[in-house]
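In what follows, a structure is listed as structure tokens, so that the remarks can point back to it.
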Amino acid sequence: MNIESILRQHERSDGDESKDVALLERAMREQLENAEDVIALMREHKGSAKLFFEGGTEALPFAVPFLPVRKCEKFGIRKHTMCQRPYMHGHTFYELIFVGDGSCTQYSESGEPVVLTKGQAVLLSPGCVHSLGRCGLKDRILKLTVPRELFGRIVPDGFSLADGKTTLFDRLTERAEYLIYWLLDETSAGGDDRTTESLLQLLFNELLRRRDVYENAFTDMLREYFREHIDSASLSDFAYRTGYSEGYLSRRIRESGSSFSDKLTEYRMEAASEKLKSGGCTVEEIASSLGYTSVSGFYRQFRRRFGITPAAYGKTFG
63 MNIESILRQH ERSDGDESKD VALLERAMRE QLENAEDVIA LMREHKGSAK LFFEGGTEAL
123 PFAVPFLPVR KCEKFGIRKH TMCQRPYMHG HTFYELIFVG DGSCTQYSES GEPVVLTKGQ
183 AVLLSPGCVH SLGRCGLKDR ILKLTVPREL FGRIVPDGFS LADGKTTLFD RLTERAEYLI
243 YWLLDETSAG GDDRTTESLL QLLFNELLRR RDVYENAFTD MLREYFREHI DSASLSDFAY
303 RTGYSEGYLS RRIRESGSSF SDKLTEYRME AASEKLKSGG CTVEEIASSL GYTSVSGFYR
363 QFRRRFGITP AAYGKTFG
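Residue numbers for the sequence shown follow our numbering, so the first one is 63 and each next one is one higher.
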């Protein structure tokens with residue numbers, strides 16, 4: 063595979079396109095479901111496609127009253143090139159964003175940044191609204207676009223991802239990375255649809271069968287952090303010690319239907335239960351060791367979890 067030459071070609075072609083208004087408008091018609099509305103609005107306000115792609119919707123001299131929506135009719139894989147500028151958009155397809163090198167900042171509809179680093183990927187379902195930050199010189203970010211119908215054929219039975227939802231994959235296996243680059247090489251060479259579909263099936267089988275491993279490893283990392291820093295735990299400190307961004311960690315935890323503070327409270331209650339069963343410590347000492355500055359706050363959370371006071375729990379189970 064001559065991956066570097068393919069990526070350079072992507073940079074050249076997108077760079078040439080970004081300098082030509084006619085080419086940009088053609089690209090918008092190919093990529094946006096509501097391109098005519100966007101183009102008409104820009105012309106009405108003396109804007110241009112070039113301005114749209116250079117600065118994103120925020121840089122236009124007028125407010126866009128609707129969301130640009132990307133579309134795709136067949137599988138594609140392209141580098142996130144340096145000439146591309148951030149703009150908030152939705153899309154009608156599944157998109158897998160993979161970081162082969164460097165990092166990638168993704169902004170959700172709320173504006174919350176999630177930073178992906180080398181070896182990580184995120185899968186977005188149709189209906190997701192997001193924006194990708196600028197690509198740097200050392201960043202290698204690949205975007206795989208998969209139409210809804212094709213995605214339904216290639217994913218393993220039992221997997222579902224509701225519209226508007228995302229799932230994160232931490233530290234892809236070498237096999238998964240190899241399949242992504244194989245798809246890049248195959249697509250750039252004009253490979254046939256059957257080969258592409260087979261490779262996609264292998265890729266998503268690899269991603270999804272390893273998902274439980276990713277989740278278990280993340281859960282272990284979080285519990286180990288709580289064990290060592292239970293008296294001072296915070297999301298910002300967890301991010302600092304692990305090297306991930308707060309946005310990324312928060313998103314990972316929310317995927318389990320919880321939050322960092324919920325997980326912390328859950329761990330503290332488990333630890334409190336064990337300490338009360340073992341005996342030898344007062345309720346005040348246990349509360350302090352678990353990071354509570356207020357004993358009354360500890361009492362409230364404990365009673366909410368177990369239905370009785372810490373003292374009563376200790377007498378019953380100690």
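Every residue gets a Cβ at the ideal spot worked out from N, C-alpha and C, and that includes glycine.
(message) Taking 8 Å as the cut-off, does the region 255-268 touch the region 140-151 (at least 3 CB pairs, one atom from each stretch)?
(response) no
(request) Could you give the DSSP three-state label for residue 122: helix, strand or coil? (result) Note that residue 122 has pLDDT 49, beneath the 50 cutoff, so the model's placement of it is unreliable and no number is given.
(request) Mind the definition here: the region 367-375 touches the region 331-340 only if three or more C-beta pairs lie below 8 Å; say whether that holds. (result) yes
(request) Note down the Cα distance separating residue 220 from residue 283, rounded to an integer number of angstroms. (result) 27 Å
(message) Could you compute how far the alpha carbon of residue 128 sits from the alpha carbon of residue 255?
(response) 34 Å
(request) Going by DSSP, name the residue or residues bridged to residue 138. (result) Paired residues: 207.
(message) With three or more beta-carbon pairs closer than 8 Å as the criterion, would you say the region 287-301 touches the region 163-170?
(response) Taking one beta carbon from each stretch, the region 287-301 and the region 163-170 have fewer than 3 pairs nearer than 8 Å; the two do not touch.
(message) On the CB-based measure, 16 or more other CB atoms within 10 Å of its CB, does residue 80 come out buried or exposed?
(response) buried
(message) Just verifying my parser: in three-state terms, what is the DSSP assignment at residue 168?
(response) strand
(request) With DSSP collapsed to three states, give me the class of residue 221. (result) coil
(message) I need the straight-line Cα distance from residue 84 to residue 204, nearest angstrom please.
(response) Computed Cα separation, rounded: 26 Å.
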